[in-house]
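Input: a single structure, listed below in structure tokens.
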Amino acid sequence: MAAEAHLGWLLGRGATFGHIKQLHAHLLTTGLFRRSPPLRTAFLELCALSPFGDITHALAAFRSTPHPATTTNDWNAVLRGIAAGPDPSGALALFARMFSLSPPRPDALTLSFALRATSRSSALPAVFQLHALTLRFGLVADNRLVTTLLDAYAKCSAPEAALQVFDEMPLRDVATWNALLAGLALGPHPHTALALFHRMVSSSLPDRETPNEITVVAAASACAQLGSPRDATAIHDFARRRGLDADVRVRNALVDAYAKCGALDRALDVFRSTGSKTLVSWNAALLALAMHGRGALALRLFETEMLRSTVAPDAVTYLAVLCGCVHAGLVEDGLRIFYSMRGVRPMAKHYGAVVDLLGRAGRLSEARDLVDAMPMAPDAVLWQTLLGAARTHGDVALAEQAARKLAEMGSKGCGDYVLLSNVYAAKARWGDVGRIRDTMQGNDVRKVPGFSYTEVDGAVHRFLNGDTEHEQWRKIYRTLEEVEARIRALGHVPETAHVLHDIEEEDKERALYQHSEKLAMAFGIAATPARAPIQVIKNLRICGDCHAAAKLISRAYGRVITVRDRARFHRFEGGECSCGDYW
DNA sequence: GCAACTCTTC
């Protein structure tokens, strides 16, 4: 049959959207679109799912299918297309229409596609509804469907619900474990994810539940978030023992995990020994170098190796190289890379990196010009970058302009106000400082709580600013007082301009001394042997005063202190930081 | 006949 042959050709060879429209016209004029359900479904799948198809066209074609449908096939084809497409949120309305029209009644596949769509658009209430339907339709014995459900809960930040589904499943397989593990790994509980991994590893599970490559990838990503080098090594050893370390995705995940745990050398070892490197391999290695402030190495890897390999750079690659330049202060190199981008259209993030690069170097008017020249509207992050640069270099007008833009965009971030206030405080414009404080009080400004943690003997100790939750808090504060005295003796002067609140100078100093990263460092000093290295992980950027203090602490106590903040690593040793104070 | 879990950015 001509249409079948044509369809086969399209599926086998690939084609353009024009071919699809021709095929559609052919099916309509011959009447096959109505007469041949299999051909029609195959056409809808092609149109909804293939890279050269178009979901809008698929939906239009779907609207002319005969009603009521005798099978779920056509519904499933378009739902699947929407779920996999750029805007999965529309799937729910389609599902609701199917549900109200029934027949056909949604089946396991319908629910599966709908769940995929809802998890991709983070619609938790819809996941609950689809869960209820799974129960009502008696489909709980379908393992793949229930794994999809579990995955949807996990991806919609409902780990308790995911865990409950997991516990109630009579029969699990490795994908079930992986879905739970991956879900926990991307949330705020990487520690729970690693505990689950250890449970998998230490219990003798049946064959269908044996950890596989995906398990290792998920565990490594949890480890990357947590930042514990001991766990990274344990996961790597496990992968080697089970022969899972030949997989390039496992190696990429290990590169990322080692780097984020502070073990740059081991990350690079894994990268170097990876045989057929993929784009992700290169990107992970470049990001690792950028994160560790090794911008010159990142540049060399990119220009003399990656560009000569068979792998073409993408947007992430350029972002990684640019970030490397930002963290190392390589202004000219960064500009050169930015203006030589090929095959990738610069996105807001690339502009952001270059604005950051120029701004930190004090080239504020060039940064401003670049913002004006951007083809897209500057986002909030970009204005925050400019505001930060204006603060560093004391440019009141630019700071005010950036702050105004942020206010127009409805910024509720505490940091934005603090930065502007810092600019005024540095110029002794106390009236303006007070005005900002009033605005903050009137505007329901949200403060992202800063926290830090450090690991001692495999146990994680977490601190908030001014925290007294830790069982040894009295001892920690006593150590902190001693630390304070010793670094003052070395000339430390608290930078109280970083504190916004209208409190007495002495209280400001106390507020600074109780920053979570200082508590974590003090705990490290109190809880580990003399001269042992200390590693601290912070969820926000390290503050200027803590940075200055950490340098002196490393000297006063003869310790190597590593701080991983939101953006990069700082390695303090002998009174200096690896970032060279350029961050 | 159509389905599940995975790596690089925040």
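Under full-length UniProt numbering, the letters of the first sequence match residues 1 to 583, in that order.
Glycine included, every Cβ here is placed at the ideal spot set by N, Cα and C.
These figures come from a predicted structure and were not determined experimentally.
Helix, strand or coil: how does DSSP classify residue i here?
i	result
residue 647	Only positions 1 to 583 of the chain appear in this structure, which leaves residue 647 out of reach.
HIS350	helix
THR29	helix
CYS323	helix
ARG137	Here residue 137 is Phe; the residue named in the question, Arg, does not match the sequence. Residue state, collapsed to three classes: coil.
SER89	helix
HIS292	coil
GLY575	coil
ARG564	strand
PHE52	coil
VAL536	strand
VAL344	coil
GLU455	strand
VAL493	coil
GLY359	helix
VAL460	strand
residue 595	Residue 595 is absent from the structure shown; the chain starts at 1 and stops at 583.
HIS570	strand
residue 602	Past the boundaries of the shown model lies residue 602; the chain is included only from 1 to 583, so the question cannot be answered.
CYS546	helix
Please identify the residue among the options whose C-alpha is closest to the C-alpha of residue i.
i	options	result
ALA320	GLY352, ARG488 and MET374	GLY352
VAL355	ALA367, LEU244 and ASN73	ALA367
residue 586	GLY90, HIS19, VAL270 and ASP438	Residue 586 is absent from the model: the chain starts at 1 and stops at 583.
GLY434	TYR417, ALA220, MET169 and LEU130	TYR417
ILE534	VAL560, ARG510 and LYS475	VAL560
ASP565	VAL217, LEU226, ALA132 and ALA179	LEU226
SER100	THR118, ALA77 and PRO68	PRO68
SER112	ASP87, PRO103, ARG97 and GLY81	GLY81
PHE166	MET98, LYS405, SER157 and ALA179	ALA179
SER411	TRP383, ALA390, ASP438 and ARG429	TRP383
ALA114	ASP151, GLY138 and ALA373	ASP151
TRP177	ALA77, PRO188, CYS156 and GLU213	GLU213
ALA246	ARG63, LEU39, MET98 and SER276	SER276
HIS461	HIS292, GLY187, HIS191 and THR148	HIS191
ARG120	GLY85, THR274, ALA556 and ASP432	GLY85
THR439	ALA407, PHE463, THR110 and ARG429	ALA407
Output needed for residue i: all residues of its chain with C-beta closer than 7 Å, excluding positions within five of it in sequence on either side, in chain order.
i	result
HIS492	ALA548, ALA549 and LEU552
SER228	CYS261 and GLU455
GLY458	ARG230
GLN514	ASN465 and GLY466
Considering only residues of the same chain and omitting the five flanking positions on each side of residue i, which have a CB-CB separation below 6 Å?
i	result
GLY558	ARG531
ASN252	VAL280, SER281 and ALA284
ALA193	LEU181, LEU184, ALA185 and ALA222
GLY524	THR454 and ILE534
CYS414	VAL445 and LYS447
GLU573	SER554 and VAL560
ASP333	LEU299 and CYS325
Should residue i be labelled buried (16 or more other beta-carbon atoms within 10 Å of its own) or exposed?
i	result
GLN441	exposed
ALA31	The residue asked about is misnamed: residue 31 is Gly in this sequence, not Ala. The residue is exposed, with fewer than 16 neighbouring Cβ atoms inside 10 Å.
SER340	exposed
GLU45	buried
PHE17	exposed
THR304	exposed
ASN73	buried
THR56	exposed
GLY371	In the sequence as displayed, the identity of residue 371 is Val instead of Gly. Its Cβ being crowded by 16 or more others within 10 Å, VAL371 is buried.
ALA25	exposed
MET347	exposed
ALA312	exposed
ASP237	exposed
ARG336	exposed
VAL98	Before going on, a small fix: residue 98 reads as Met here, not Val. Answer is buried; the Cβ neighbour count reaches 16.
MET376	exposed
SER102	exposed
Leaving out five residues on either side along the sequence, give the residues of the same chain with a beta carbon under 8 Å from the beta carbon of residue i.
i	result
VAL536	SER452, TYR453, THR454, GLU517, ALA520, MET521, GLY524, ILE561, THR562, VAL563 and ARG564
PRO66	ARG34
ILE235	PHE197, VAL216, ALA219, ALA220, CYS223, LEU254 and ALA257
SER309	LYS277 and TRP282
ARG40	LEU27, LEU32, PHE33, ARG34, THR65 and ASP74
LEU322	GLY334, ILE337, PHE338, HIS350, ALA353, VAL354 and LEU357
* Asked: How do the region 514-527 and the region 450-468 stand: do at least 3 beta-carbon pairs fall below 8 Å, yes or no?
  -> yes
* Between the region 278-287 and the region 250-266, do at least 3 Cβ pairs fall closer than 8 Å? -> yes
* Asked: Hey, is the region 469-487 in contact with the region 412-426, meaning 3+ C-beta pairs nearer than 8 Å?
  -> no
* Take every Cβ of the region 201-220, pair it with every Cβ of the region 149-167, and state whether three or more of those distances are shorter than 8 Å. => no
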